[in-house]
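Working notes for the structure below.
Numbering (my numbering), first residue to last: 1267 to 1717.
What follows is the structure, encoded as structure tokens:
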């Protein structure tokens, strides 16, 4: 069918706008986070409501059209915007509601993290989720979710207690532990492989003021900072969550390390918990203070859409001096905007039963990712080369050979996706995929091919 024929066929059955390449909104509607990607889908559809979405999914099934789903549009690999594809755009579905008595939130599939936080914070509640407020909660949750409270609450997907899903054949399914427990397990880390998630239901936690901020280090001893950080995290209490950001400074002729701190408790206790870091001789700047949950969530400035990105990393099984040295060495050549992100993982993230979720990285002690970011197309070759080279330096410490699927590289392979889950999980996911999407209608993602 021609684009015009497809548009007329879909528009005749739906009420939301159908955006084609000649539509005035087309270029803005197809914009994605990664400026290296210039994708041109055939149709972008913005459903008016769930019934409208169901009509579109049934149309796609009858026309044998694959479906991509756009929430926040933040995927570095651009999964939500395939060339010549059909996109269901949920970006205007941003309502979030809270039942404070039951400590449960419901968020529409297009919600950004800022929408969920704004709804929960007024009740003194929060969901473990992510760290950048402009990220879509759908993709974030379905892929795992590493947050400022991961050590006390687990991964973002662990808080997912239910969902509304439109399946590949156009059914609306309510998913929870009582109804479709296997599907709920799959949604906790298995991504958007099983349908269009129109609503996500979260178990919330009560949260008081945070003690958050950063410590910055320069000079020849910065490698020791990472080693001490890794040792500290290995025995840290659940109240403490840390990240390290490492990049190369041409001015210094060496790396700079910034350690982000989140302490869920009183400032004095937080200072005591990080005393080794505060007293390190390489420390050059301290920026820590009491914060509300919203302030802690908002302190990372969103990375603007349109920069060029190549991200690649590994969930690692050990955080050792060897890994610290590898990260420091890999930072050289990171460029003006690139860096290596080390997200430490301990506490409840490890104690929650492994079999409760499809997410395959629970036993990792850290997520280590090279984020190569640059501005001009002329830097593509060098930017990609540094991202690959840096990732290779810490690959020997990888838990499974696969990375964190929420930070996908643009050239992500099927083997890397499978490795992220491990053989047993991946086999189970393939069987569940066969039940709910046997034709692989939802394949524009970290794809799980039906068994």
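Glycine included, each C-beta is placed from N, C-alpha and C at the ideal position.
Residue pairing from DSSP places residue 1429 in a beta bridge opposite 1441, 1466.
The C-alpha of residue 1382 is placed about 25 angstroms away from the C-alpha of residue 1608. Residue environment for residue 1644: exposed (fewer than 16 other C-beta atoms within 10 angstroms of its C-beta). For residue 1700, the closest alpha carbon among the candidates 1713, 1689, 1688 is that of 1713. The Cβ-Cβ distance between residue 1406 and residue 1379 falls below 8 angstroms. Residue 1308 is positioned such that its CB atom lies no closer than 8 angstroms to that of residue 1296. DSSP places residue 1640 inside the beta strand (DSSP E), whose first and last residues are 1632 to 1640. Spanning the alpha carbons of residue 1483 and residue 1517 requires a straight line of approximately 14 angstroms. The beta carbon of residue 1524 sits closer than 6 angstroms to those of 1480, 1482, 1511, all from its chain and outside the five residues before and after it, given in chain order. Excluding sequence positions up to five before and after residue 1695, its CB lies within less than 8 angstroms of the CB of 1452, 1456, 1459, 1624, 1687, 1714, all in the same chain and listed in chain order. By the neighbour-count criterion, in which a residue is buried when 16 or more other Cβ atoms sit within 10 angstroms of its Cβ, residue 1348 is buried. Excluding sequence positions up to five before and after residue 1345, its CB lies within less than 6 angstroms of the CB of 1710, 1711, all in the same chain and listed in chain order. As computed with DSSP, residue 1513 is found in a beta bridge with 1522. According to the DSSP assignment, residue 1551 belongs to the beta strand (DSSP E) that extends over 1549 to 1557.
Remark: C-beta atoms of residue 1587 and residue 1659 do not approach each other more closely than 8 angstroms.
Contact between residue 1572 and residue 1652 is absent: CB atoms are separated by about 20 angstroms, not below the 8 angstroms threshold.
Judged by DSSP secondary structure, residue 1352 falls within the beta strand (DSSP E) whose first and last residues are 1352 to 1355.
By alpha-carbon distance to residue 1550, the top candidate from 1495, 1488, 1620 is 1488.
DSSP places residue 1319 in the helix class (H, G or I) of the three-state scheme.
In terms of Cβ geometry, residue 1629 and residue 1343 do not form a close pair [threshold 8 angstroms].
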